[in-house]
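Reviewing the structure listed below.
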Ligand code: AMP
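Numbering (the working numbering), first residue to last: 50 to 465.
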């Protein structure tokens with residue numbers, strides 16, 4: 050599945066491209082068609098799965114199909130100001146080339162801030178992102194024009210209930226028009242969430258994005274390198290550690306072929322495994338690997354599911370896998386049954402954002418091992434909010450202006 054399959058407007062597609070999103074994540078693939086169809090949604094998904102874009106994209110698409118009339122169309126309620134800011138940033142990036150406007154309202158104790166929020170809310174943004182307490186106050190004072198509201202999103206609903214926002218949410222619901230589309234996202238589904246879902250959602254479609262976790266006994270580590278250090282590092286590690294059975298994953302057929310050629314040239318007992326290989330050859334390579342006649346198998350992701358070999362000593366991710374599920378799946382090839390195993394991942398500069406997303410999903414950072422000095426300096430491993438930064442850079446390069454809102458308004462990035 051690609052983003053083209055959703056039939057998005059070309060300006061929205063430009064935003065997606067500028068953020069560097071190539072393929073929809075699992076939750077996006079499942080949720081976007083349902084939201085576009087108009088269904089209510091109850092989604093069990095954690096941060097890191099791409100859930101924010103799963104609700105922002107179809108909502109922006111639906112708003113771009115309408116004329117702007119100065120009324121709020123979507124309300125996104127979140128537990129914390131940090132999350133409100135994060136969603137607002139993604140909103141800015143995704144909607145940059147469209148004419149959809151947004152504001153984030155997350156309050157604070159400063160009185161002048163409240164006045165600015167009030168002004169911003171009255172000026173009629175299409176999408177409002179807010180924390181429950183602050184929103185309840187503004188709704189109570191009638192600053193928020195919700196009579197034509199079409200979408201309500203409750204994000205991280207379980208966290209909002211943990212923080213004691215249940216009553217505020219119920220109060221907020223009482224201000225909203227009855228006819229609207231409701232989307233609820235939660236990392237867990239305790240009974241209180243089901244209760245809130247019953248109150249809020251109408252015949253919801255349900256999605257459950259289960260995140261598996263790697264087995265505890267797998268020793269995981271990662272090397273932060275420049276791209277041209279990857280091949281020398283593989284050779285060094287393989288020489289140093291003397292494993293019997295090593296599975297190396299690459300993201301493309303070409304890198305499988307290149308790496309295998311290099312390893313063979315350096316005298317390693319390696320073979321390649323990818324979809325171009327004839328069935329007969331595939332079977333022979335796999336059999337040799339199982340029987341330990343072959344030490345190193347260099348394979349593409351696609352083929353990883355067909356490799357059922359016990360007792361692999363090391364899984365080496367030559368490229369960072371596409372997402373957390375792929376990572377867990379790849380490294381799960383080691384430490385099968387009773388044995389322990391090791392998994393190591395090479396991260397080049399471009400892949401840092403992707404790996405940080407995986408770490409977020411795993412719930413903890415993976416240990417970064419020391420790259421041997423002989424390979425020279427290595428890049429720093431730095432926090433990437435890659436959507437905003439990459440997106441922005443591209444926006445500036447393109448030098449495009451945001452199009453004016455059809456039918457009036459058009460005010461963008463109104464900040465409280
Ligand atoms: P979220 O679960 O919404 O917090 O998203 C986690 C991270 O995944 C954010 O850094 C997003 O920018 C990134 N992300 C979301 N969707 C995609 C995608 N389709 N491709 C690549 N990265 C994505």
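By construction, the Cβ of each residue, glycine as well, lies at the ideal position given by its N, Cα and C atoms. All of these numbers come straight from a predicted model, not from anything done at the bench.
Using a Cβ-Cβ cutoff of less than 6 angstroms, which residues in the same chain neighbour residue 60 once the five nearest sequence positions on both sides are dropped?
146, 147
Can you tell me which of the three DSSP states residue 186 falls into?
It is helical.
Under a Cβ-count criterion, where at least 16 other Cβ atoms within 10 Å of its own Cβ denotes burial, should residue 247 be classed as buried or exposed?
exposed
According to the Cβ coordinates, are residue 216 and residue 397 closer than 7 angstroms?
No.
At 3 residues or longer, what runs of the beta strand (DSSP E) sit wholly inside the segment 284 to 308?
295 to 299
Determine, using beta carbons only, whether residue 270 and residue 418 come nearer to each other than 7 angstroms.
yes
Cα-Cα, which of 192, 241, 189 is closest to residue 206?
241
Quick check: the segment 333 to 350 against the segment 281 to 296, are at least 3 beta-carbon pairs closer than 8 angstroms?
yes
Smallest Cα separation from residue 389: which of 107, 264, 335?
264
Looking at residue 321 and residue 340, is the spacing between their C-beta atoms short of 7 angstroms?
no
List in chain order the residues whose CB is within less than 5 angstroms of at least one heavy atom of the ligand AMP.
70, 74, 96, 97, 98, 99, 100, 101, 102, 406, 436
State the CB to CB distance for the pair residue 306 and residue 367, rounded to an integer number of angstroms; the pair is presumed to be in contact (CB under 8 angstroms).
With 8 angstroms as the limit, residue 306 and residue 367 do not qualify as a contact, their Cβ atoms being about 12 angstroms apart.
Report, in whole angstroms, the separation of the C-beta atoms of residue 107 and residue 84, which I expect to be a contact under 8 angstroms.
4 angstroms
Find the nearest neighbour of residue 182 within the set 173, 359, 172, 133, judged by alpha-carbon distance.
133
C-beta atoms of residue 143 and residue 64 nearer than 7 angstroms
yes
Those runs of the alpha helix (DSSP H) which lie wholly inside the segment 57 to 131 and span at least 4 residues:
59 to 67, 75 to 86, 100 to 113
With DSSP run on the structure shown, which of helix, strand or coil describes residue 390?
strand
Whose CA, out of 238, 202, 237, 415, lies closest to the CA of residue 225?
The option with the nearest alpha carbon to residue 225 is 202.
Per the DSSP calculation, residue 325 is bridged to which residue(s)?
BP columns for residue 325 are empty, so no partner.
For the candidate residues 267, 171, 324, 361, whose alpha-carbon lies nearest to that of residue 338?
361
So, using beta-carbon positions, are residue 121 and residue 210 closer together than 7 angstroms?
no
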